[in-house]
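Have a look at the structure below before the remarks.
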Amino acid sequence: MILTYALTFAIGAFALALVLNLIRLVTAPTLPDRILAVDTMVVNIIGLIVLYGIQSASGLNFEAAILFAMTGFVSTVAFCKYLLRGSIIE
Amino acid sequence: MLSEILIAVFLVIGGVFALIGSYGLLRLKDPVQRLHAPTKGSTMGVGAVLIASVLWRFFLGDGLSWHEVVVTIFIFITAPLTALYLARAHLHRTLRRQGLPKPANGRLWAGEDLGLEEGN
Amino acid sequence: MLRRIFPHPVLSVTLVILWMLLVNRFALGSLVMAVILAIAIPLMTAAWWPDRPRIARPLALIPYMALVLWDVIVANIQVAKIVLFMPSDQIRSAFITVPIDLESPEAITLLAGTITMTPGTLTADIASDGKSLLIHSLHAPDPDAIRDDIKTRYEARLKRIFG
């Protein structure tokens with residue numbers, strides 16, 4: 207019972223965090239802020255995937271979570287490298 | 090029952106910290122200040138939720154699972170690297186290099202050197 | 008001979024553990040596969056990582072990790088307090104230079120990562136000669152105290168671990 211409430215709260219909190227990230231993404235004053243907003247969205251989505259695993263009682267969707275984590279990290283670094291150097295692979 | 094309360098506590102902590110991380114991203118004024126909230130808050134939030142997932146599987150599911158540990162380690166290793174790259178990109182673009190303190194022996198920071206090397 | 012097969016013993020051990028965590032259950036076949044990977048991957052990547060990191064006291068890494076984990080929790084509560092309750096014109100952020108005495112790149116990487124994850128500080132850059140770190144602090148009324156704290160709390164321990 208208490209678990210259901212906590213789960214609903216956590217899913218709501220992560221969803222609200224995603225909405226806040228989206229607002230930041232649209233209203234970001236600088237380009238690195240936009241990258242940071244996307245990176246935070248990726249982290250929050252991983253949280254949502256984990257929570258979905260608990261809610262659906264199917265365990266962690268491990269492949270989805272690790273794929274999001276990897277592509278999120280690599281794309282953030284690639285964006286930053288592009289800003290720093292004007293190219294991604296030297 | 091006790092295990093359910095424990096899992097619920099971790100879930101609530103995770104949700105609260107994820108929310109704080111994203112709220113800080115909106116609220117803080119300075120671009121580099123904004124880096125602090127997501128790198129610490131959101132990472133910790135997801136970490137707490139992953140711990141809850143491990144406990145849930147252990148007490149109520151089909152036994153101990155290590156996959157959550159892999160995701161947690163991955164997130165905690167990559168978060169500082171992301172922050173470092175974003176801080177450099179901020180410094181590079183906003184050209185706030187003049188206001189920075191110098192390194193101990195009066196050389197340049199690696200980010201400054203990079204610009205000089207390429208000559209543009 | 009042993010050095011030829013295992014150019015990076017630490018990397019090999021990490022790969023075995025990581026593979027077993029990915030498989031998620033113990034089976035002898037998986038262990039064999041893990042050992043094959045632990046031999047093959049360091050050999051194939053040895054060209055890009057010529058120096059072997061010297062870890063004098065590997066066991067001291069465990070209390071260090073525990074300390075960092077505790078500090079991460081403290082850091083989050085501090086940052087949460089600042090984000091939620093402190094008026095934004097009262098937050099005094101500052102860039103701080105921290106001179107470092109660590110030699111090995113692995114130790115410096117670990118220190119930089121630790122600084123980012125712990126109370127109110129974030130590594131922003133490294134000097135081109137690798138002798139100082141540029142730190143950004145979210146709320147630093149006293150920058151010198153933060154620098155001394157980093158040097159005594161983390162760097163001294165890392166120096167002991169990496170010898």
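Chains as they are written, first to last, in the numbering used here: chain D, 207 to 296; chain U, 90 to 209; chain B, 8 to 170. Just so it is clear, CB atoms sit at the ideal spot from N, CA and C, and this is done for glycine as well.
Taking C-beta pairs closer than 7 Å, name the residues in chain B that residue i reaches, listed in chain order.
| i | result |
| --- | --- |
| residue 103/U | None at all; the shortest Cβ gap to chain B is about 11 Å. |
| residue 90/U | Result: empty, since nearest Cβ-Cβ is about 26 Å, beyond 7 Å. |
For a contact meaning CB atoms closer than 8 Å, what does residue i contact in chain B?
| i | result |
| --- | --- |
| residue 190/U | 102, 103, 104 and 141 |
| residue 159/U | 25, 28 and 29 |
DSSP has residue i in a bridge; who is on the other side?
| i | result |
| --- | --- |
| residue 102/B | 143/B |
| residue 128/B | 144/B |
| residue 134/B | 198/U |
Closer than 7 Å by beta-carbon distance: list the chain U residues that pair up with residue i, in chain order.
| i | result |
| --- | --- |
| residue 145/B | 122 and 125 |
| residue 216/D | 100, 101, 103, 104 and 138 |
| residue 222/D | 108 |
| residue 277/D | In chain order: nothing, as chain U lies at least about 11 Å away. |
Quick check on this structure: which residue in the options has the alpha carbon closest to the alpha carbon of residue i?
| i | options | result |
| --- | --- | --- |
| residue 99/B | 68/B, 90/B, 148/B and 67/B | 148/B |
| residue 248/D | 261/D, 212/D, 273/D and 211/D | 273/D |
| residue 225/D | 238/D, 264/D, 246/D and 270/D | 246/D |
| residue 171/U | 119/B, 159/B, 168/B and 160/B | 119/B |
| residue 223/D | 158/U, 126/U, 121/U and 178/U | 126/U |
| residue 28/B | 176/U, 118/U, 92/U and 163/U | 163/U |
| residue 180/U | 141/B, 80/B and 57/B | 141/B |
| residue 97/B | 139/U, 119/U and 138/U | 119/U |
| residue 161/U | 140/U, 108/U, 192/U and 112/U | 140/U |
| residue 156/U | 166/U, 124/U and 142/U | 142/U |
I want to verify the contact list: residues of chain U whose CB lies under 8 Å from the CB of residue i, in sequence order.
| i | result |
| --- | --- |
| residue 95/B | 116, 117 and 118 |
| residue 119/B | 169 and 173 |
| residue 52/B | In chain order: nothing, as chain U lies at least about 17 Å away. |
Please check the pair residue i and residue j, which I expect to be a contact at CB under 8 Å, by giving their CB distance rounded to whole angstroms.
| i | j | result |
| --- | --- | --- |
| residue 122/B | residue 89/B | About 17 Å; that fails the 8 Å criterion. |
| residue 169/B | residue 59/B | No, residue 169/B and residue 59/B are not in contact; Cβ-Cβ is about 12 Å, not under 8 Å. |
| residue 143/B | residue 131/B | 5 Å |
| residue 125/B | residue 78/B | 4 Å |
| residue 139/B | residue 104/B | 5 Å |
| residue 114/U | residue 227/D | 7 Å |
| residue 199/U | residue 135/B | 5 Å |
| residue 114/B | residue 165/B | 5 Å |
Starting from the beta carbon of residue i, find every residue of chain B whose beta carbon is closer than 9 Å, and list them in chain order.
| i | result |
| --- | --- |
| residue 130/U | 83, 86, 87 and 90 |
| residue 182/U | Per Cβ cutoff of 9 Å: no residues; residue 182/U is ~13 Å from chain B at best. |
Which residues in chain D sit within 9 Å of residue i, going by Cβ to Cβ distance?
| i | result |
| --- | --- |
| residue 198/U | Neighbours of residue 198/U on chain D: none; closest Cβ ~13 Å, over 9 Å. |
Count the CB pairs spanning the segment 96-110 of chain U and the segment 212-230 of chain D that are closer than 8 Å, and state whether there are at least three.
Touching, yes, given that three or more Cβ pairs across the two stretches are closer than 8 Å.
Does the pairing of the segment 103-112 of chain B with the segment 126-135 of chain U give three or more beta-carbon distances under 8 Å?
Under the 8 Å Cβ criterion, the segment 103-112 of chain B does not count as touching the segment 126-135 of chain U, having fewer than three qualifying pairs.
Pairing CB atoms from the segment 47-56 of chain B with CB atoms from the segment 18-28 of chain B, are three or more of them under 8 Å?
yes
Can at least three beta-carbon pairs, one atom from the segment 276-291 of chain D and one from the segment 159-173 of chain U, be found at a separation below 8 Å?
With a cut-off of 8 Å, the segment 159-173 of chain U and the segment 276-291 of chain D count as touching, because enough Cβ pairs lie within range.
Decide yes or no for the touch test of the segment 137-147 of chain U against the segment 253-261 of chain D: beta carbon pairs closer than 8 Å, at least 3 of them.
yes
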